[in-house]
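Peer 1: Residues 2 to 1269 in our numbering are what the sequence shown lists, from first letter to last.
Every residue gets a Cβ at the ideal spot worked out from N, C-alpha and C, and that includes glycine.
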Amino acid sequence: MSGPPTTTTTTTTTTTTSTTTQKPKGPEEEGFLTPPEFKYHHYPELETYMKKLNEKYPNLSRMYSIGKSIEGRELYVLEISDNPGIHEPGEPEFKYIGNMHGNEVVGRESLLLLMQYLLDGYGTDIRISKLINDTRIHIMPTMNPDGFEAAHEGDYDGVTGRSNANNKDLNRNFPDQFFKNHENEKHEPETLAVMKWCKEYPFVLSANLHGGSLVANYPYDDNPQSQSGLHSPCPDDEVFKKLAKSYSFAHPTMHLGKPCSSPNVVFRDGITNGAVWYSVSGGMQDWNYLNTNCFEITIEISCNKYPYSSELPHYWNENKDSLLSYMEQVHIGVKGFIVDENNNPIGNATVSVQGINHDIISASDGDYWRLLVPGTHVLTVYADGYETSTQTVEVPHLWATVVNFTLKADDSHLWSEDEDFGITENLIDEYLNNSRLNEIMADIENQHKDIAEFLLNDNEWSMKVHALQMGIKPVHGPDNRVRVVIFGGLYGSQPVGRELVIRLARHLGEGWARKDEDIQNLLKETQIILVPAVDTEGFVTAESGICGYSNVKEMESEVGGSFAAEISDPFAEATVKLLEQIEPHVSLSLESGGVFMRYPWDNPVAVPPTTSDEARFQVLTEAYARTHPSMMNNNPCTSINKGAPTGIIHGQVIGVYKNSLLDYVYKNIKDSLMVAAHVSCCNYPPGRELKKLWRENKDSLMAFLHAAHQGVAGQILDDHEHVIPGSKVTVDGTEIELSPEATFRKLLPTGTHSLQVTAAGKENKTLGILIETHKETPASVTMDSLEESNINYHSYFATEDLMHKLDSNYSSFTRVYSIGRTVMSRQILALEIDAQHMEHKVTRPSVAVIGGLGVSDRAGKELTLELASYLLSRYGHDAAVDKILQNAIIHIVPTLNPDSTAEVSKSNKKVPVCKTEINSKNKNEVEIDENFVIDEKGKSKGVQPEVTAVQKWMMEHKFTLALILRGGEEGVAVPFSYMRSDTLLTRDSEVFQQLGSIYSSLAHMPLNASTCSKAEFFNGTTHDGVIHPHHGSLLDCFYDHSETIPINVYYGCCGNPDEKSLGHLWKQHRPALLNFLTLSNVGAMGYITDQSNVPLSGAKITVKGSPLSVTSVGHGAWWRPLSPGMHTITVQRDGYYDETKLVNVMGGNTIVFKLKRDDRVIGLPRMVFIILAGSLTLLFMICCLCIATVRSHTQRRKKYGFQQLAQSVDIFNDTSSEDELNLINGSAKTKVRKKRVSSRPYHDLISSSSDEEEFFIKESYLKKKTLQ
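1) Would you mind sorting residue 92 into buried or exposed? The rule is 16 or more other CB atoms within 10 Å of its CB.
2) What residues match up with residue 1 in a beta bridge as DSSP calls it?
3) For a test of the three-state rule: what should DSSP assign to residue 903, helix, strand or coil?
4) Three-state secondary structure (DSSP) at residue 1211?
5) To which residues does DSSP link residue 592 through a beta bridge?
6) Which first and last residues belong to the alpha helix (DSSP H) in which residue 192 is found?
7) Residue 918: which of 877, 893, 856, 947 sits nearest, CA to CA?
8) Report the start-end ranges of each beta strand (DSSP E) in the region 632 to 660 that is 3 residues or longer and not cut off at the edges.
9) Using only alpha-carbon positions, find the residue among 299, 226, 152 that is nearest to residue 217.
10) Please state if the CB of residue 70 and the CB of residue 174 are separated by a distance shorter than 8 Å.
11) If you compare alpha carbons, which of 740, 313, 819, 365 is closest to residue 200?
12) Could you pull out every residue in the same chain whose Cβ sits closer than 7 Å to the Cβ of residue 150, ignoring the five residues on either side in sequence?
13) Residues in the same chain with beta-carbon distance under 7 Å from residue 578, minus the five sequence neighbours each way, listed in chain order, please.
14) Grouping DSSP H, G and I as helix and E and B as strand, with all else coil, what is residue 175?
15) Pick helix, strand or coil for residue 128, following the three-state DSSP scheme.
16) Could you tell me the alpha carbon to alpha carbon distance between residue 1072 and residue 880, rounded to whole angstroms?
17) Where do the N-terminal and C-terminal ends of the alpha helix (DSSP H) with residue 228 fall, by residue?
18) Got a sec, what are the start and stop residues for the beta strand (DSSP E) residue 111 sits in?
19) Figure out for me which residue from 1063, 1119, 446, 1103 has the closest Cα to the Cα of residue 1081.
20) Spell out whether any CB of chain B is found under 8 Å from the CB atom of residue 811.
21) Taking the C-alpha atoms as reference points, what is the distance between residue 1 and residue 1058?
22) Taking 7 Å as the limit between beta carbons, can you name the residues of its chain near residue 171, skipping five residues before and five after?
23) Rounded to whole angstroms, what's the CA-CA distance from residue 471 to residue 456? Just pull it up for me.
24) Could you give the DSSP three-state label for residue 597: helix, strand or coil?
25) Quick test of the definition: if touching needs 3 or more C-beta pairs under 8 Å, does the region 1110 to 1124 touch the region 1155 to 1163?
26) Quick one: Cα of residue 242 to Cα of residue 1106, how far?
27) For residue 467, which of 1020, 536, 450, 329 has the nearest alpha-carbon?
28) To the nearest angstrom, how far is the alpha carbon of residue 926 from that of residue 825?
29) Counting C-beta neighbours from all protein chains within 10 Å, is the total for residue 518 16 or more, i.e. buried, or is it exposed?
30) Note down the Cα distance separating residue 396 from residue 375, rounded to an integer number of angstroms.
31) Taking 8 Å as the cut-off, decide whether the C-beta atoms of residue 890 and residue 835 are in contact.
32) Shortest alpha-carbon distance to residue 355 belongs to which of 778, 598, 630?
33) With distances taken between CB atoms, is the gap from residue 559 to residue 493 smaller than 8 Å?
34) For residue 423, which residues from the same chain have a beta carbon less than 8 Å from its beta carbon, with the 5 sequence-adjacent residues on both sides left out?
35) Use the C-beta contact count for residue 603: other C-beta atoms within 10 angstroms, 16 or more gives buried, fewer gives exposed.
36) Is it right to say residue 1015 is buried, meaning 16 or more other beta carbons lie within 10 angstroms of its own, or is it exposed?
Shown next as structure tokens:
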């Protein structure tokens, strides 16, 4: 059967010497330590071969049987792993099966060779070592040993031995998703054994090796029609194509797709969908995919089923690289662990991928693997007793990305509904007639009276066109909801839209009833008018099954083509009246005749061919098209018509849509946009297509409704919340019409836009608004009067009352707290404003605004009180204030020295004569602003209670920015308050200059020379020491001993102006104060995580060239105000390696640092330390043993004569020494076992060793094992 040996020996003999020359290895022998056996192994030889490999490599292999064949032969498997017999958490499992058909034998022998190749290559071949270290591999060389024994060598394409001993084709014997027949109604022992095996192990990937052709075949193998040549894709069709190509493209000829014998059988790229080749029911690969986590393909690896053994080297060379490449595919996609909040693994959790109707479950250790093609995917994980968790994942090309899930316990054990809430009516396979359509709309109204109203004969238009209005009208305030109209049968011969609209109505109603959050929000924020049928008469005459028009003129005779300048059709006229009454912001028509999106202009002769609202139309069309499974790619209509429209187009391109409603709406309904979604290749497809069409379009319809909200919306009011007559709103220079309640709304493309608001007697306002995808940007504006406010000075008790009143009125997001007490035991009060407090959002930066430190800063206190009132009264009514409070936590402190401003003159509340001298003395006559001194140990030297309290406060809150209002000068001052050797470094000097110049400019303060003194400014900014040189300032303490960038704002030469001047002072500083509150996010910000994306708090962030460092807080977030430009940022944290990045700051950069754990011990790598410590311990124990042995012999030589022996001494049985030796040996053995176990790392959700550490541990273990 087999040819001559693969190696030959030539012997040359002389009278003195004999030499032997070995033939060089051929390519088929490369990688083997011992010559491979290129011969056929019958059952006894196969058994012996596998046992020898297992005995030779006991630490890398395990031989086991999964069952027996009909004739009693074992179904052997050889496991190959760096830890055989154990499922290592996080490590995927792979299997190869060969010889399923007994006479297809190349796979059988290739797998035997693969076993030896892998085991011989471990430790010498990097690729093989990595594969074995990272994968648990199971190889079954024969699933049909009985059939093999019946087959015969040289059988090219016969069937002898194909079936098992019961004459059953095992690849027709598995349960099938479509059919049960005589081939699979009873399962053979071999089939049952494999099914049981697949259920017992968490296999991720598999291949079944066959012969007789040259192609990689992937699911599905059959289809409901049991029709060969009909593509039957599984949900993971793209994944399987990638898997199949990984084998065929690594094969020298398979990817060429050349046929074996039949010239008509050509496989593109060497791969094929199983059913396209020929339909097979009961196949093993489909059963694996449908019943386990395992993705399996069937690979035909040789044209000859049972070639002569001399050809085996050739087949091995052809398939070796492909076998390895395919195994490596087990490491693509997504993998990770699913645990509960206590880090306990959750097995049997379901992992679902959005858009792919195929789930997998986690293994018992909570580990999971999901093979996916590169790109963005949304994974959702759920398990009994836990809440659902969803993450968006970016899958790379060459390896698996790690995504761990922590599930929260769910006491209610609720499961999410199916996508359509299990509405059986939406699965009907027949069209509704007109009367039945009306009955269903009436039923929906009756079932959901709180959200649905059937509009029939309510007005003139509803006598012809019937509609269903859905939504919740607001009880309080103006109705500024988005108004959307969705039309169904605008063309009578295109009735698919009728069915989709009524299904959408059911979906919304059932979603509301089931309290679906997304749908509830949608119905609260949207007025939806659903019009299932317009051309009801045309529907009656239309014929089912008609794909297209025989004549384009037929379209013009339907209602959809009747919207000319002069409308005569009664249904078209009713439609126009509906639109004029509703004034929708957006409208959608669901039509057929292709799968694409259409928008104006439709008129073939329109000039110019495009509108001025291209970008706005794109918002709507892309929302629908990109959610649709085939509208942008793989258009199904091209199989009918290669020139079928696809994607998003102007109707004018097609040239058949004359007098369309789309054009009419754009020209005649102000600021209203209408598009059409073509959802079916056929105008009137059979009813059986409706279910599929609904599935394809449901998400697109929902996406359209969401897209209608993209843009800007708001209301224009005065500071008393009254409508301002004559207000005008423009966006990017285009005026928006205001409603009678002064509300406005406009759909806008994503990006930055400018909104301007003007009104008589009010300050003009301009807002920069950022529009995000499918999100509404609130842009309400509270207009500020041109008149100055009437502001009075507040005593201590009046200040306290006002702060508590504000806290009471806005208690949901404010908190009054005490920083400490003064010399006179008065409280130093602070007001915290945290608008996102209840939403538990990611930590945001904190900003402190301080009204002053003494009697010379009395007006500063009033400015902070006015600022607090302004922010709180406008929150929810003014977009600028909303943005401030949503992006930062604000702490407002009216004064740090309440004793100095406790009283106000009782006569006319006029302050004493204005003093320009800066004074921060407390009741102990101590200058507070000279008392903020901290020694080298970080302890305060100040003994004043105000200073002690403030220093503790600033350390606890870690403000990003702080602004201190001072009197006695006009301008912005930055550290330092005295001249010192380490003057402010360049990096922070740029930041301070930026903050100071912006504030001075907005507050219209002097930019160069002071009007109060001889102090000079640069762009309104100078060092505090220029204005008031002194030591121990609060400004310097903030900068030197906290994480804050502080500035002093000197608001005026007179710190205590007359009350009549306070309104002017507030008006002057209001824009600058509001802008300052937005600057905490200017510069660099980001997150600190470990390599597993676990947030790290407490990390220290420093910028080269600055002494100021900041610390990451909750969620690993950090902020660092910086000027634009290049900066070197370093992150440090105990237990992790430092990381440094060169960052280009361009305003609000988000920078993520992923720190690598430092596992070193006393400066040595952990493994080196363990080996060294272990060696020293072992050496010490050996020395002790030697010393004990020498002493024992010495004592025995000194004793002679007869005397009584001590009870603990037995000269004939030195048990203590043996016990000691056994103890030492046992310890050593235990240590070796522990080392081996420790060389198999376990990856958890929170942190895991890097790939380099795993490689080092494994290599160290192998080297030590070789030495032993």
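Peer 2: Result, derived from the coordinates:
1) buried
2) Because the chain spans 2 through 1269 in this model, residue 1 falls outside it and cannot be assessed.
3) coil
4) At residue 1211, the pLDDT of 43 sits below 50, so the modelled position is not reliable and the matter cannot be decided from this model.
5) 679
6) 190 to 201
7) 856
8) Fully enclosed beta strand (DSSP E) runs of 3 or longer: 647 to 651.
9) Relative to residue 217, the option among 299, 226, 152 whose CA is nearest is 299.
10) Not closer than 8 Å, so no.
11) 365
12) 43, 44
13) 461, 462
14) coil
15) helix
16) 14 Å
17) No alpha helix (DSSP H) contains residue 228, which DSSP labels as neither H nor E.
18) Here residue 111 belongs to no beta strand (DSSP E); instead the alpha helix (DSSP H) covers 107 to 122.
19) Nearest neighbour of residue 1081 by Cα position, chosen from 1063, 1119, 446, 1103, turns out to be 1119.
20) Here chain B cannot be found, since the structure has a single protein chain.
21) Because the chain here runs from 2 to 1269, residue 1 falls outside it and cannot be looked at.
22) 101, 144, 145, 165, 189, 191, 192
23) 11 Å
24) strand
25) No, the region 1110 to 1124 is not in contact with the region 1155 to 1163.
26) Looking at the two C-alpha atoms, the distance is approximately 54 Å.
27) 536
28) 12 Å
29) Residue 518 should be labelled exposed.
30) Spanning the alpha carbons of residue 396 and residue 375 requires a straight line of approximately 5 Å.
31) yes
32) Considering only 778, 598, 630, the residue with the shortest C-alpha distance to residue 355 is 630.
33) yes
34) none
35) Residue 603 is buried by the Cβ-count criterion.
36) exposed
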